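Asker:
Residue numbers (the working numbering), protein chains in the order written: chain A, 66 to 180; chain B, 720 to 830.
Right under this line is the structure:
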């Protein structure tokens, strides 16, 4: 247990569906991240939220829409996805402060399959 | 961020020490070396980090060469549960951390 939980753990959806991934951290961190890991590819950073504001968007298609209502919760809203969006979606959190080493703690991921 | 080079894969016998090398010849003075690992179908797990001194925690030891151009992660008594992909990342620990994961080293611990 890393203190970062993700739900659901597995999700199968059609291309016309709308679904949301949820991440919750219980570590008192103030930065949260979404990563995508496709088969046999390195992790790709998608979004970063720091103090509930989005500070980075790595050219992610608009069919992925993040939401950070507070420092403990992060959502990834999905709509009209493509089969190539099938991947492991990982959430992470860290404590952003000067003088700290900012290691990230990852959740277990959501395995997404788009049919 | 400095680029890192790691072997694609390594094998280790259970109970023996696993020594995982990482080259980071372009590292700058304020960059730290971080190690993470990812067990199959799980999220990455932070292991250890260091600047220039050797570091040890309950999971592993990190040896950084004097010129800081390479480092070695040591798992002193590898177990089957240490089978994972190990990532070496070099960067400055500023504000929020954009981790750039390469392909890492796939460590297989066998009985």
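Every residue gets a Cβ at the ideal spot worked out from N, C-alpha and C, and that includes glycine.
These numbers come from a predicted model, not from an experiment.
Please classify residue 732 (chain B): is it buried, with 16 or more other beta-carbons within 10 angstroms of its beta-carbon, or exposed?
Answerer: exposed
Asker: List the residues of chain B that residue 107 (chain A) touches, going by C-beta distances under 7 angstroms, in chain order.
Answerer: Chain B residues near residue 107 (chain A): 820, 821 and 822.
Asker: Identify the continuous beta strand (DSSP E) that holds residue 764 (chain B) and give its terminal residues.
Answerer: Looking at the DSSP string, the run of the beta strand (DSSP E) that includes residue 764 (chain B) is 764–769.
Asker: Please confirm whether residue 753 (chain B) has its beta-carbon closer than 8 angstroms to some beta-carbon of chain A.
Answerer: yes
Asker: Can you find a C-beta in chain B that's less than 8 angstroms from the C-beta of residue 169 (chain A)?
Answerer: yes
Asker: For residue 743 (chain B), which residues in chain A fall below 8 angstroms Cβ to Cβ?
Answerer: Near residue 743 (chain B) there are no residues of chain A at all, since even the closest Cβ is about 16 angstroms away, more than 8 angstroms.
Asker: Report yes if the C-beta distance between residue 766 (chain B) and residue 799 (chain B) is below 8 angstroms; otherwise report no.
Answerer: 8 angstroms or more divides the Cβ of residue 766 (chain B) from the Cβ of residue 799 (chain B).
Asker: With a Cβ-Cβ cutoff of 8 angstroms, do residue 77 (chain A) and residue 172 (chain A) count as a contact?
Answerer: no
Asker: Looking at C-beta atoms only, is the number of pairs between the segment 140–149 of chain A and the segment 779–790 of chain B that lie closer than 8 angstroms three or more?
Answerer: no
Asker: Using alpha carbons as the reference points, say which of B:734, B:726, B:729 and B:769 lies closest to residue 746 (chain B).
Answerer: The shortest Cα separation from residue 746 (chain B) among B:734, B:726, B:729 and B:769 belongs to B:769.
Asker: Using a Cβ-Cβ cut-off of 8 angstroms, state whether residue 180 (chain A) counts as contacting chain B.
Answerer: no
Asker: How many angstroms separate the CA atom of residue 820 (chain B) from the CA atom of residue 110 (chain A)?
Answerer: Rounded to whole angstroms, residue 820 (chain B) to residue 110 (chain A) spans 9 angstroms at the Cα level.
Asker: Taking only beta-carbon atoms, is residue 173 (chain A) less than 8 angstroms away from chain B?
Answerer: yes
Asker: Any idea what DSSP makes of residue 109 (chain A), helix, strand or coil?
Answerer: strand
Asker: In chain order, what residues of the same chain have a beta carbon less than 8 angstroms from the beta carbon of residue 135 (chain A), not counting five sequence neighbours either side?
Answerer: 117
Asker: Excluding the 5 residues preceding and the 5 following residue 148 (chain A) in the sequence, name in chain order all residues of the same chain whose CB lies nearer than 6 angstroms to its CB.
Answerer: 179
Asker: Just reading off the beta strand (DSSP E) that residue 78 (chain A) is part of, what are its end residues?
Answerer: 75–78
Asker: Taking the alpha carbon of residue 128 (chain A) as the reference point, which residue from A:85, A:176, A:174 and A:169 has its own alpha carbon closest?
Answerer: A:85
Asker: Going along chain A in order, which residues have a C-beta closer than 7 angstroms to the C-beta of residue 725 (chain B)?
Answerer: Neighbours of residue 725 (chain B) on chain A: none; closest Cβ ~12 angstroms, over 7 angstroms.
Asker: Taking the alpha-carbon positions, what's the residue 169 (chain A) to residue 755 (chain B) distance?
Answerer: 9 angstroms
Asker: Kindly indicate which residue of A:107, A:92, A:101 and A:81 has the alpha-carbon position closest to the one of residue 160 (chain A).
Answerer: A:92
Asker: Look at the alpha carbon of residue 146 (chain A) and the alpha carbon of residue 795 (chain B), and state the distance between them as a whole number of angstroms.
Answerer: Going from the Cα of residue 146 (chain A) to the Cα of residue 795 (chain B) covers about 45 angstroms.
Asker: Can you tell which of A:73, A:131 and A:120 has its C-alpha closest to the C-alpha of residue 176 (chain A)?
Answerer: Considering only alpha carbons, the answer is A:73.
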